[in-house]
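Chains as they are written, first to last, in numbering that gives the first Met the number 0: chain A, 0 to 164; chain B, 0 to 104; chain C, 0 to 411.
Where a beta carbon is used, it is the ideal one built from N, C-alpha and C, also for glycine.
As the structure is a prediction and not an experimental result, all values here were calculated from the model.
This report concerns only the one structure given below.
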Amino acid sequence: MSMQHVVFIILSAIALIGALGVVLNRRLFRSALFLVLSFVGVAGFYILLEVELLAMIQLLVYVGAIAILIIFAIMLSRQAMATDDKVLNEQWILGGFVAVALLATLVYVLVQVNWPVVEAAVPANSIQRLGESLVSPNHFVLPFEVASVLLLVALVGAVIIAREK
Amino acid sequence: MQVPLSWYLVVAAALFCIGLYGVLSRRNAIGILMGVELMLNAVNVNLIAFWRYVEAVRATMTGQVFAIIVITVAAAEAAVGLALIIAIYRNRRTVDVTEVDELKL
Amino acid sequence: MDYVLNLWVRLATGLYDLFLGWHLPEWGAKLIIDFIIILILVILGVLAVIVLTPMERKVIARMQDRPGPNRAWPYGLSQAFADAIKMLTKEMILPHRADRLIYTAAPILIVIPALMIYAVLPFGPQAADAKLQLGATNLNVGVLYFVALGSIASIAILMAGWGSNNKFALLGAFRVVNQLIAYEVPMILSLLAVVVLTGTMSTQRIVEVQSIPYLIVMPIAAFTFLASAMAELNRAPFDLLEAESELVAGYQVEYGGMKFAMFYIAEYVNILSTSILFSALFLGGYKFFGLERVAPVLAPFIVLGKAVSVFFFMLWTRGTFPRIRLDQLVGFAWKFLVPLTLVNLVLTALVVKLSANPWAQAGLLLLGNLITVAVTFLILGLVERRQKSAGSVVHGDPQEGISVNLTPAAER
Numbered sequence: 000m001s002m003q004h005v006v007f008i009i010l011s012a013i014a015l016i017g018a019l020g021v022v023l024n025r026r027l028f029r030s031a032l033f034l035v036l037s038f039v040g041v042a043g044f045y046i047l048l049e050v051e052l053l054a055m056i057q058l059l060v061y062v063g064a065i066a067i068l069i070i071f072a073i074m075l076s077r078q079a080m081a082t083d084d085k086v087l088n089e090q091w092i093l094g095g096f097v098a099v100a101l102l103a104t105l106v107y108v109l110v111q112v113n114w115p116v117v118e119a120a121v122p123a124n125s126i127q128r129l130g131e132s133l134v135s136p137n138h139f140v141l142p143f144e145v146a147s148v149l150l151l152v153a154l155v156g157a158v159i160i161a162r163e164k
Numbered sequence: 000m001q002v003p004l005s006w007y008l009v010v011a012a013a014l015f016c017i018g019l020y021g022v023l024s025r026r027n028a029i030g031i032l033m034g035v036e037l038m039l040n041a042v043n044v045n046l047i048a049f050w051r052y053v054e055a056v057r058a059t060m061t062g063q064v065f066a067i068i069v070i071t072v073a074a075a076e077a078a079v080g081l082a083l084i085i086a087i088y089r090n091r092r093t094v095d096v097t098e099v100d101e102l103k104l
Numbered sequence: 000m001d002y003v004l005n006l007w008v009r010l011a012t013g014l015y016d017l018f019l020g021w022h023l024p025e026w027g028a029k030l031i032i033d034f035i036i037i038l039i040l041v042i043l044g045v046l047a048v049i050v051l052t053p054m055e056r057k058v059i060a061r062m063q064d065r066p067g068p069n070r071a072w073p074y075g076l077s078q079a080f081a082d083a084i085k086m087l088t089k090e091m092i093l094p095h096r097a098d099r100l101i102y103t104a105a106p107i108l109i110v111i112p113a114l115m116i117y118a119v120l121p122f123g124p125q126a127a128d129a130k131l132q133l134g135a136t137n138l139n140v141g142v143l144y145f146v147a148l149g150s151i152a153s154i155a156i157l158m159a160g161w162g163s164n165n166k167f168a169l170l171g172a173f174r175v176v177n178q179l180i181a182y183e184v185p186m187i188l189s190l191l192a193v194v195v196l197t198g199t200m201s202t203q204r205i206v207e208v209q210s211i212p213y214l215i216v217m218p219i220a221a222f223t224f225l226a227s228a229m230a231e232l233n234r235a236p237f238d239l240l241e242a243e244s245e246l247v248a249g250y251q252v253e254y255g256g257m258k259f260a261m262f263y264i265a266e267y268v269n270i271l272s273t274s275i276l277f278s279a280l281f282l283g284g285y286k287f288f289g290l291e292r293v294a295p296v297l298a299p300f301i302v303l304g305k306a307v308s309v310f311f312f313m314l315w316t317r318g319t320f321p322r323i324r325l326d327q328l329v330g331f332a333w334k335f336l337v338p339l340t341l342v343n344l345v346l347t348a349l350v351v352k353l354s355a356n357p358w359a360q361a362g363l364l365l366l367g368n369l370i371t372v373a374v375t376f377l378i379l380g381l382v383e384r385r386q387k388s389a390g391s392v393v394h395g396d397p398q399e400g401i402s403v404n405l406t407p408a409a410e411r
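Okay, here's the thing in structure tokens:
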């Protein structure tokens, strides 16, 4: 039970408690804050997996932008400061059953497969390599460019959709 | 790399299924969107765990690139989704998905 | 003598060996030393408040030709202690039907990222055996860490606005987050220009690589980073939303006593960390004409000295300019700073590709920056001239200046 195991258990507790808080909480604003907690837990996972760049990107994009966007939308879509009365829709039992069944199946499969794990250190200049793969024609420049066009379309679309007529 | 890969995969599966429950059973559209964000996070954890444990030895960055693209797509989808929710709220005065189920007002 | 010159490194290694001598495991000794470093950095953050607050009030007062606070013992310099005692004795309220958890957690959550930024600030050169550096850690994504933590503060502000159960606090929180989000983009883009020039995001490396301070090499990036950072910190002239004389302090309106003091502390801790970061990225950090190689013990003091001079520049700006209105502020960010920083980034990337010699790069960049500044002023002049001739200046607009032309364009 080394330090890494302890840290992993703490981080997974944070992430899973955050996730449970998102789906089980009655009040929407608290759900959003639990979502932030879950994002921070996932960022901790990235740091544990030695990809600090992605951890910072996760914090910057998810916590610093998407969570704020969600909180803005929560506040712009409620009458005054009303709290919600009904949280679950009609199919929550079936939904819960599907989620639990899927979880059981996945866990059952995942702990049994012999994953082709290779013990290796993270490559030395991983950030440079990441940058090169993102813009190199041999690697992933096409998905990168398509993602940037997607962002432009989303930006313009969101502004037009949410505009006051 | 003392933590076995299956631990990461199990936690990612748990996050995914909790997000799935949120999507399937919540009334509020924003609550559903938060479930979707949880599922995308779970996918990212999966991708990065696999990158670290399987691909890092080859010094290629496919897993990380994939995860970055997923984050990008999640951001774009959250922006458009929330704009739609705000527009729906303006028209119907509610974001309860059980009440916004007909095209006719 | 050599012990004194390398004092901090010698102390750290001495403590480490002492702990090893007590038969502590290696990771235990390292953990204790890390804790001591964290303690020192937190104390530094608190010292920021104690030193910077009276300095700010005295300096601005002198700029405005008045004495400033002079009652607290030595000529008003222990004013921070007086403020602290005052705030500790105030009543801590909980607004009616406010969400208690959120209301209480917001001030705590706003101080945490402010203090966490100190982990990536470089306070001194890397020791010869590369095991120690003066500073908490040498994170290879230090610059991105700074930006990411700065964006977490917005969540804490939204929590403060919501938890107060007060519509005006909520609206104030919205407007502050609007400002913060708007200025994140120019800040990231100007930091990216520095990262492109240096080739690394580690703040320690950026200081090591700077043979010429980047303020001279890329003045546009320095100016835009400083402007964006001042807007992110809610400092004048961008502090419409939380100034003491305006708008009853916005989202902090329901906070009293020590909780309000937390917001105050977070602001000044942020100011010091941003000043240290600016001096590390643009002013050469702990370098002072080679002094830090001769006497590394002075390196933290050099850093603090540069940070305080950056802070003095911020005070100077505060005492000089009037406050900017929120819509002008946000327009300034999106319509002026973002295109400017984008052009600067493209220019920097171009220059880095054109030549590998650092002096040639510096010269080309300086030239490019000056040309960009000249072109910017030209464009601004053209825009202003066209606005004046089209008569589109509305009465009451702060752009109109002394002579007001009220005749409609058709009659002219």
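Any C-beta of chain E under 8 Å from that of residue i
{"i": "R51 (chain B)", "result": "Note that chain E does not occur in the displayed structure, where the protein chains are A, B and C."}
Residue i and residue j closer than 8 Å at C-beta
{"i": "V372 (chain C)", "j": "L4 (chain C)", "result": "no"}
{"i": "V110 (chain C)", "j": "T202 (chain C)", "result": "no"}
{"i": "A71 (chain C)", "j": "A81 (chain C)", "result": "yes"}
{"i": "V184 (chain C)", "j": "V337 (chain C)", "result": "yes"}
{"i": "S11 (chain A)", "j": "M33 (chain B)", "result": "no"}
{"i": "Q178 (chain C)", "j": "L328 (chain C)", "result": "yes"}
{"i": "S76 (chain A)", "j": "I29 (chain B)", "result": "yes"}
{"i": "E49 (chain A)", "j": "L138 (chain C)", "result": "no"}
{"i": "A78 (chain B)", "j": "L68 (chain A)", "result": "yes"}
{"i": "L232 (chain C)", "j": "M158 (chain C)", "result": "no"}
{"i": "Y7 (chain B)", "j": "A98 (chain A)", "result": "no"}
{"i": "T340 (chain C)", "j": "M217 (chain C)", "result": "no"}
{"i": "F122 (chain C)", "j": "Y285 (chain C)", "result": "yes"}
{"i": "M0 (chain B)", "j": "S132 (chain A)", "result": "no"}
{"i": "I37 (chain C)", "j": "A135 (chain C)", "result": "yes"}
{"i": "L214 (chain C)", "j": "F281 (chain C)", "result": "yes"}
{"i": "A58 (chain B)", "j": "P122 (chain A)", "result": "yes"}
{"i": "L188 (chain C)", "j": "L344 (chain C)", "result": "yes"}
{"i": "S210 (chain C)", "j": "P357 (chain C)", "result": "yes"}
Residue i in three-state terms, based on DSSP
{"i": "D33 (chain C)", "result": "helix"}
{"i": "N233 (chain C)", "result": "coil"}
{"i": "L87 (chain A)", "result": "strand"}
{"i": "F15 (chain B)", "result": "helix"}
{"i": "T386 (chain C)", "result": "The sequence given here places Gln at residue 386 (chain C); Thr does not occur at that position. Three-state DSSP puts Q386 (chain C) in a helix."}
{"i": "H138 (chain A)", "result": "coil"}
{"i": "D238 (chain C)", "result": "coil"}
{"i": "R411 (chain C)", "result": "Caution applies to R411 (chain C), whose pLDDT of 43 falls short of 50 and renders its modelled position unreliable; the value that the coordinates give is listed next. Of the three classes helix, strand and coil, the one that applies to R411 (chain C) here is coil, per DSSP."}
{"i": "R89 (chain B)", "result": "helix"}
{"i": "E118 (chain A)", "result": "coil"}
{"i": "M0 (chain C)", "result": "coil"}
{"i": "G17 (chain A)", "result": "helix"}
{"i": "Q1 (chain B)", "result": "coil"}
{"i": "E101 (chain B)", "result": "coil"}
{"i": "I323 (chain C)", "result": "coil"}
{"i": "P438 (chain C)", "result": "There is simply no residue 438 (chain C) to check, as chain C begins at 0 and stops at 411 in what is shown."}
{"i": "F287 (chain C)", "result": "coil"}
Neighbour list for residue i in chain B, Cβ cutoff strictly below 7 Å
{"i": "S11 (chain A)", "result": "V10"}
Inter-residue CB distance, residue i and residue j (contact presumed, cutoff 8 Å)
{"i": "V206 (chain C)", "j": "A47 (chain C)", "result": "About 20 Å separates the two Cβ atoms, so there is no contact after all."}
{"i": "L37 (chain B)", "j": "V21 (chain A)", "result": "6 Å"}
{"i": "V10 (chain B)", "j": "A14 (chain A)", "result": "7 Å"}
{"i": "G67 (chain C)", "j": "Y117 (chain C)", "result": "About 28 Å; that fails the 8 Å criterion."}
{"i": "S37 (chain A)", "j": "A18 (chain A)", "result": "5 Å"}
Residues that residue i contacts on chain A, provided the C-beta gap is smaller than 7 Å
{"i": "V94 (chain B)", "result": "S76"}
{"i": "S153 (chain C)", "result": "G63 and I67"}
Residues sharing a beta bridge with residue i, DSSP
{"i": "N27 (chain B)", "result": "B:D95"}
9 Å Cβ cut-off: residues of chain C touching residue i
{"i": "E51 (chain A)", "result": "L138, N139, V140, L143 and Y144"}
Partner residues on chain A for residue i, Cβ-Cβ distance less than 8 Å
{"i": "L4 (chain B)", "result": "W114 and V116"}
{"i": "L349 (chain C)", "result": "The contacting residues do not exist; L349 (chain C) stays about 15 Å from chain A at best."}
Listed by chain order, chain C residues near residue i by CB distance under 8 Å
{"i": "F28 (chain A)", "result": "D98, I101 and W161"}
Neighbouring residues, chain A, relative to residue i (Cβ below 9 Å)
{"i": "I180 (chain C)", "result": "G63, A64 and I67"}
{"i": "E101 (chain B)", "result": "Neighbours of E101 (chain B) on chain A: none; closest Cβ ~16 Å, over 9 Å."}
Under 9 Å by beta carbon: chain B residues contacting residue i
{"i": "I160 (chain A)", "result": "V79, A82, L83, I85 and A86"}
{"i": "G43 (chain A)", "result": "By Cβ distance, chain B contributes nothing, its closest Cβ being about 11 Å from G43 (chain A), past 9 Å."}
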